[in-house]
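Engineer: Residue numbers (UniProt numbering), protein chains in the order written: chain W, 1 to 279; chain X, 1 to 279.
C-beta atoms are modelled at their ideal positions from N, C-alpha and C, and glycine is treated no differently.
On a predicted model such as this, the values are computed, not experimentally measured, just so you know.
There are 2 protein chains.
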Amino acid sequence: MIVIGSGAKHLEEEIRRLGGRVLDVEIRKFPDGEKYVRVLGEGKEALVVQSTFAPQDERIVEALILGDALREKGFKKLRLVVPYLAYSRQDRVTKDGEPISIRAVMRALGLYYDELYVFDLHNPETLRFFPGKALNLSPARAIAEYFGEKLGDGVVLAPDRGALERAKAVAERLGLEYSHFEKRRISPTEIQMRPVDVDVAGRNVLIVDDIISTGGTMIKAANLLREMGARRIFVAATHGVFAEGAIERVSKAVDELAVTNSIPTPVSKISLVPDILSL
Amino acid sequence: MIVIGSGAKHLEEEIRRLGGRVLDVEIRKFPDGEKYVRVLGEGKEALVVQSTFAPQDERIVEALILGDALREKGFKKLRLVVPYLAYSRQDRVTKDGEPISIRAVMRALGLYYDELYVFDLHNPETLRFFPGKALNLSPARAIAEYFGEKLGDGVVLAPDRGALERAKAVAERLGLEYSHFEKRRISPTEIQMRPVDVDVAGRNVLIVDDIISTGGTMIKAANLLREMGARRIFVAATHGVFAEGAIERVSKAVDELAVTNSIPTPVSKISLVPDILSL
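As structure tokens, this is what we get:
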């Protein structure tokens, strides 16, 4: 049985269409701002789907009280899928006195859920903070499926070396070449990006990253590829945490921008629902 | 050392003025809506003050990441004062399928805090959900101090029998008489309220409750007291969870309305800070 939180409302239609059995829940807010949830059905095991984009704290607390309602109702095994997990970038102490906020979130979710599934977590090592079984799922199937035909015999690029595994996973599903950009300081004030060991002239290119926020790197990379003679330039990311105006800016610089539906945005055209339903 | 969360910012000036040693913290939001906190000081024990009025979920999550930052910084003992605890009225399953939301909140706070202090909790039995030591503090000192002189030799009333202990605690501090209202069905559609075993004619009256939201009960009680010849009518409550327009409506019906500063409102004239500093 699938339970759909307010942060997964945008996935409900597709989940139902693809045959997911959805357990009805009532989710609303009291006039004072407190969330109210109620589980309208029975069962022993549930897969709760709740993405935690803004207002992220509301969705985190909602996941907790949904878990409480399900336990109270007698559910024995609760699994939680969080397509986009808030606070995942607050994964280490950079300045003295900072929290590891993702640890607090993981621990709180662990109070009610036996298993946690996330997509393309910023730092997969932080899964250890979740007390139960925790898995980081790949967006590769979804991205490869969406861009496969458009790419043809193109090339898949990561914006930096750290993102290479993601690009590689997409490329290998499509039997395509892959590589990454590297940054080189060409003067005290200027850093140049260039794709490593790959010829892009006359070829379609897909750049794949985990999160797009301002989109600055993507635009820089796309402009460079254009100069190098690339044919069509596509940009994909798992999580579209777009800053104001970023969708428009990136869209203008490339042939197509698409992100997964971990967060609902106007360009969330890549669906993770089949991956969720296979859990 | 006292740590002041965003839900206790309105208490900071008084906490400092009354000699509280405040540990500096940085609390802000990232553009995507995630909270960021940073502890700017050292210590082994801290008393975190965080009231959880709206946006309540943000303040709950903030309390967790503040706790995480303090633990990471080496604090050994963390106590948490929550003057107004959100979700405290979601304390039981009224309809099948509901959560006990306050349990989820208590358990989450218990991940980081050794002790929990709240004021005038809706259902003190729910303190058992907090894994550590948990105490329900009385607003009686604060309310008695604020209204003592104004009341003179008046009487303290509870709006119903269930609220009698609170009225009694205030009255006993002032050496005054106390009683409560009772509701009596006088026709199939009409319920009459009346104060039990007390003569209010010519006397000042203070009605004390835990929460005022719409204020309907208070207004009804005040109008009745007026008819019965009461002199000055005061209304006090611990938590001013006012619905739209309620402050104005209640204020118009009584001589003075005042609530504690567990939630900052235009009538939060009764301070809990001395009680907090005595912890």
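What are the boundary residues of the beta strand (DSSP E) that includes Ser-179 (chain X)?
Structural biologist: Here the question's residue 179 (chain X) lines up with position 179 in the second sequence. Residues 177–185.
Engineer: For a quick check, are the C-beta atoms of Ile-270 (chain X) and Tyr-84 (chain X) less than 8 Å apart?
Structural biologist: The sequence position of residue 270 (chain X) within the second sequence is 270, counting from 1. The sequence position of residue 84 (chain X) within the second sequence is 84, counting from 1. No, the Cβ-Cβ distance between Ile-270 (chain X) and Tyr-84 (chain X) is not below 8 Å.
Engineer: How is Thr-217 (chain X) classed by DSSP in three states: helix, strand or coil?
Structural biologist: To locate residue 217 (chain X), count along the second sequence from 1; it is residue 217. Helix at Thr-217 (chain X).
Engineer: Look at Thr-126 (chain X) and Ile-143 (chain X) and say whether their C-beta atoms are less than 8 Å apart.
Structural biologist: In the second sequence, the residue the question calls residue 126 (chain X) occupies position 126. In the second sequence, the residue the question calls residue 143 (chain X) occupies position 143. Going by C-beta atoms, Thr-126 (chain X) is not nearer than 8 Å to Ile-143 (chain X).
Engineer: If you check the beta carbons only, do Pro-55 (chain W) and Gly-33 (chain X) fall under 8 Å apart?
Structural biologist: Taking the first residue of the first sequence as 1, we reach residue 55 (chain W) at position 55. Taking the first residue of the second sequence as 1, we reach residue 33 (chain X) at position 33. In contact: Pro-55 (chain W) and Gly-33 (chain X) (Cβ atoms closer than 8 Å).
Engineer: As a quick exercise: from W:Ala-104, W:Val-81 and W:Val-82, pick the residue whose alpha carbon is nearest that of Arg-92 (chain W).
Structural biologist: Translated into the one-based positions of the first sequence, residue 92 (chain W) becomes position 92. Checking every option, the nearest Cα to that of Arg-92 (chain W) belongs to W:Ala-104.
Engineer: Quick check: the Cα distance between Glu-177 (chain W) and Asp-24 (chain X), rounded to an integer number of angstroms?
Structural biologist: Position 177 of the first sequence, counted from the first residue, corresponds to residue 177 (chain W). Position 24 of the second sequence, counted from the first residue, corresponds to residue 24 (chain X). Spanning the two alpha carbons is a distance of roughly 52 Å.
Engineer: Three Cβ pairs or more, each shorter than 8 Å: is that satisfied between the region 227–244 of chain X and the region 200–212 of chain X?
Structural biologist: As far as the Cβ criterion goes, the region 227–244 of chain X touches the region 200–212 of chain X, which means the pair count is three or higher.
Engineer: Kindly list, in the order they appear in chain X, the residues whose Cβ is closer than 7 Å to that of Ala-86 (chain W).
Structural biologist: Position 86 of the first sequence holds residue 86 (chain W). Those within 7 Å of Ala-86 (chain W) in chain X are Glu-34.
Engineer: Distance, Cα to Cα, Glu-14 (chain X) vs Val-273 (chain X)?
Structural biologist: The residue you call residue 14 (chain X) lines up with position 14 of the second sequence. The residue you call residue 273 (chain X) lines up with position 273 of the second sequence. Straight-line Cα distance between these residues: approximately 7 Å.
Engineer: Could you tell me if Pro-188 (chain W) is buried or exposed, where buried requires 16 or more neighbouring beta carbons within 10 angstroms of its beta carbon?
Structural biologist: One-based indexing of the first sequence puts residue 188 (chain W) at position 188. Exposed: under 16 other Cβ atoms inside 10 Å.
Engineer: Note down, in chain order, each residue of its chain lying with its Cβ closer than 6 Å to the Cβ of Ala-222 (chain W), except the 5 sequence neighbours on either side.
Structural biologist: If you number the first sequence from 1, residue 222 (chain W) lands on position 222. Counting only Cβ-Cβ distances below 6 Å, and skipping sequence neighbours, we find Ile-233, Ala-253 and Val-254.
Engineer: Sorted by chain position, which residues of the same chain lie with C-beta nearer than 7 Å to Gly-202 (chain X)'s C-beta, five sequence neighbours on each side aside?
Structural biologist: By 1-based counting over the second sequence, the position of residue 202 (chain X) is 202. Cβ neighbours of Gly-202 (chain X) beyond the five flanking positions: Gly-229 and Arg-231.
Engineer: Against chain X, with Cβ distances strictly below 8 Å, would Val-241 (chain W) count as a contact?
Structural biologist: Within the first sequence, the letter at position 241 stands for residue 241 (chain W). Yes, because at least one Cβ of chain X sits closer than 8 Å to the Cβ of Val-241 (chain W).
Engineer: Taking Leu-137 (chain W) and Val-156 (chain W) to be in contact with their CB atoms under 8 Å, please state how far apart those CB atoms are, rounded to whole angstroms.
Structural biologist: Looking up residue 137 (chain W) in the first sequence gives position 137. Looking up residue 156 (chain W) in the first sequence gives position 156. Wrong, their Cβ atoms sit about 19 Å apart, outside the cutoff.
Engineer: Just the Cα atoms here: how many angstroms apart are residue 328 (chain X) and Ile-212 (chain X)?
Structural biologist: With chain X covering 1 to 279 only, the question about residue 328 (chain X) has no answer from this structure.
Engineer: How do the region 54–68 of chain X and the region 108–122 of chain X stand: do at least 3 beta-carbon pairs fall below 8 Å, yes or no?
Structural biologist: Yes, the region 54–68 of chain X is in contact with the region 108–122 of chain X.
Engineer: Interface residues of chain X around Pro-131 (chain W) at Cβ under 7 Å?
Structural biologist: For this step, residue 131 (chain W) is matched to residue 131 along the first sequence. Chain X residues near Pro-131 (chain W): none, gap ~10 Å exceeds 7 Å.
Engineer: Please list, in chain order, the chain W residues whose beta carbon lies closer than 7 Å to that of Lys-252 (chain X).
Structural biologist: One-based indexing of the second sequence puts residue 252 (chain X) at position 252. Going along chain W, no residue has its Cβ under 7 Å from Lys-252 (chain X), so there is no contact; the nearest lies around 21 Å.
Engineer: Can you give me the C-alpha to C-alpha distance between Glu-227 (chain X) and Arg-161 (chain X), rounded to a whole angstrom?
Structural biologist: Position 227 of the second sequence, counted from the first residue, corresponds to residue 227 (chain X). Position 161 of the second sequence, counted from the first residue, corresponds to residue 161 (chain X). Using only the alpha carbons, I get a separation of about 21 Å.
Engineer: Got a sec: is the Cβ-Cβ distance from Ser-268 (chain W) to anything in chain X below 8 Å?
Structural biologist: As a working note, residue 268 (chain W) is residue 268 in the first sequence. False, the Cβ-Cβ gap to chain X never drops below 8 Å.
Engineer: Cα-Cα, which of W:Ser-268, W:Ala-243 and W:Val-267 is closest to Pro-31 (chain X)?
Structural biologist: For the purposes of this step, residue 31 (chain X) is taken as residue 31 along the second sequence, with counting starting at 1. Considering only alpha carbons, the answer is W:Ala-243.
Engineer: Do Ile-263 (chain X) and Ser-88 (chain X) count as a contact pair if the criterion is CB distance below 8 Å?
Structural biologist: In the second sequence, residue 88 (chain X) corresponds to position 88, counting from 1. In the second sequence, residue 263 (chain X) corresponds to position 263, counting from 1. No, the pair does not count as a contact, with Cβ atoms beyond the cut-off.
Engineer: Across which residues does DSSP place Asp-120 (chain X) in a beta bridge pair?
Structural biologist: In the second sequence, counting from the first residue as 1, residue 120 (chain X) sits at position 120. DSSP output for Asp-120 (chain X) lists no bridge partner at all.
Engineer: Pick helix, strand or coil for Lys-18 (chain X), following the three-state DSSP scheme.
Structural biologist: As a working note, residue 18 (chain X) is residue 18 in the second sequence. Strictly speaking, residue 18 (chain X) in this sequence is Leu, with Lys absent from that position. DSSP places Leu-18 (chain X) in coil when its eight states are reduced to three.
Engineer: Would Leu-64 (chain X) pass as an interface residue toward chain C - the criterion being a Cβ-Cβ separation below 8 Å?
Structural biologist: Absent here is chain C; the protein component of the structure consists of chains W and X.
Engineer: State yes or no: is the beta carbon of Leu-111 (chain W) nearer than 8 Å to at least one beta carbon in chain X?
Structural biologist: Working through the first sequence from its first residue, we reach residue 111 (chain W) at position 111. Yes, Leu-111 (chain W) lies at the interface with chain X (some Cβ there is under 8 Å from its Cβ).
Engineer: Let me see if you follow: with CB-CB separation under 8 Å, is Gln-50 (chain W) close to chain X or not?
Structural biologist: For the purposes of this step, residue 50 (chain W) is taken as residue 50 along the first sequence, with counting starting at 1. No, because no Cβ of chain X sits closer than 8 Å to the Cβ of Gln-50 (chain W).
Engineer: Roughly how many angstroms separate the alpha carbons of Pro-124 (chain X) and Gly-20 (chain W), rounded to a whole number?
Structural biologist: Residue 124 (chain X) sits at position 124 when you count from the first residue of the second sequence. Residue 20 (chain W) sits at position 20 when you count from the first residue of the first sequence. Roughly 41 Å separates the two Cα atoms.
Engineer: With a cut-off of 8 Å, does the C-beta of Glu-182 (chain X) fall near any C-beta of chain W?
Structural biologist: Position 182 of the second sequence holds residue 182 (chain X). Answer no: the Cβ-Cβ gap between Glu-182 (chain X) and chain W never drops below 8 Å.
Engineer: Check whether the Cβ atoms of Lys-77 (chain X) and Glu-42 (chain X) lie closer than 8 Å to each other.
Structural biologist: Position 77 of the second sequence holds residue 77 (chain X). Position 42 of the second sequence holds residue 42 (chain X). Not in contact: Lys-77 (chain X) and Glu-42 (chain X) (Cβ atoms no closer than 8 Å).
Engineer: So the candidates are W:Leu-174, W:Pro-131, W:Gly-175 and W:Arg-194; which of them puts its Cα closest to the Cα of Lys-183 (chain W)?
Structural biologist: Locating residue 183 (chain W) in the first sequence gives position 183, where the first residue counts as 1. If we check each option's Cα against that of Lys-183 (chain W), W:Arg-194 comes out closest.
Engineer: Rounded to whole angstroms, what's the CA-CA distance from Ala-158 (chain W) to Tyr-36 (chain W)? Just pull it up for me.
Structural biologist: Locating residue 158 (chain W) in the first sequence gives position 158, counting from the first residue. Locating residue 36 (chain W) in the first sequence gives position 36, counting from the first residue. Those two C-alpha atoms are separated by around 42 Å.
Engineer: Determine, using beta carbons only, whether Leu-116 (chain X) and Val-170 (chain X) come nearer to each other than 8 Å.
Structural biologist: Taking the second sequence and counting its residues from 1, the one referred to as residue 116 (chain X) is at position 116. Taking the second sequence and counting its residues from 1, the one referred to as residue 170 (chain X) is at position 170. No, these two residues do not count as a Cβ contact at 8 Å.
Engineer: Hey, could you find the ends of the alpha helix (DSSP H) Leu-66 (chain W) is sitting in?
Structural biologist: Along the first sequence, read from residue 1 onward, the residue named residue 66 (chain W) stands at position 66. From DSSP, the alpha helix (DSSP H) with Leu-66 (chain W) extends over 56–72.
Engineer: Give a yes or no on whether the C-beta atoms belonging to Leu-64 (chain W) and Gly-5 (chain W) are separated by under 8 Å.
Structural biologist: If you number the first sequence from 1, residue 64 (chain W) lands on position 64. If you number the first sequence from 1, residue 5 (chain W) lands on position 5. No, the Cβ-Cβ distance between Leu-64 (chain W) and Gly-5 (chain W) is not below 8 Å.
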